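Heads up, my numbering is the position in the sequence shown plus 9, with the first residue counted as 1.
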Amino acid sequence: MPTDLRRELRRGLGRTRSYLLAHHRPAEYDRCHAVDVAGRRVHVCARCSGVYPGIVAGLTLFATGTGAPLWPWLVALGPAPALVDWAVTTLGDRRGHNAGRTLTGILLGLAYGLAVPWFLTERPLWLVGVAVAYGAFAAIGLHRAGVGDAKPDDSPAVSHDSG
């Protein structure tokens, strides 16, 4: 690997490693679980701490065919609580709770874990509609929250709850 590329990768990883487990800025660490590991405090995004086990559960359900009649409901409705919780804490004055973020993350992950392999293997088109609908609602919420609006000091326009 060329030296310049190696240097650039190290610099990039150095700047972003604090976001590996928690993609929140320190001012948003209230949206994270704090865990002590080897004498260091590590912040883990509360919602993501539910999403990843949920994905594993969804993949397991898909691989074993367990509960197949419920899959459409899980995929269509599973993400809704996370989207609603994110919207009310981002667009409103409600703070939310990490236990709720983790629980809604599990449902979101379960939907992801079912929907992705299901779409890749059987291609039910209604899954595209579900994805587009949730994407549209999230995009509207991000726009209303001012996410992506540049500020002179490159700080976020609002405190986001993206996880």
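Virtual Cβ for every residue (Gly too), placed ideally from N, Cα, C.
Values in this document were obtained by computation on a predicted structure and should not be read as measured data.
- For a cut-off of 8 angstroms, the C-beta gap from L92 to F146 is around 6 angstroms, short enough to register as a contact.
- Secondary structure of H152 (DSSP, three-state): helix.
- Under DSSP, V53 takes part in a beta bridge, and its partners are H42.
- Put simply, the stretch 106-119 touches the stretch 79-90. At least three CB pairs are less than 8 angstroms apart.
- DSSP places A96 in the uninterrupted alpha helix (DSSP H) bounded by 89-100.
- Three or more Cβ pairs closer than 8 angstroms define a contact, and the stretch 101-114 meets that threshold against the stretch 52-72.
- V44 is not a Cβ neighbour of V84, given a cutoff of 8 angstroms.
- Just so you know, the alpha carbons of A36 and W80 end up roughly 38 angstroms apart.
- In the assembly as shown, I64 is a buried residue. Its beta-carbon has 16 or more other beta-carbons within 10 Å.
- Sequence-distant partners of W127 (beyond 5 residues in either direction) whose C-beta falls short of 8 angstroms from its own C-beta, in its chain, are F71, W80, V84, P133, L136.
- For A77, the closest of T99, A154, R104, A124 by C-alpha to C-alpha distance is A124.
- Residue nearest to T75 within the set A142, V51, G122 is G122 (criterion: CA-CA distance).
- Non-local C-beta neighbours of P62 in its own chain, meaning closer than 7 angstroms and more than five positions away in sequence, comprise I115, G118, ordered along the chain.
- In the three-state DSSP reduction, P81 falls in the helix class (H, G or I).
- The residue among T98, A120, Y143 with its C-alpha nearest the C-alpha of A66 is A120.
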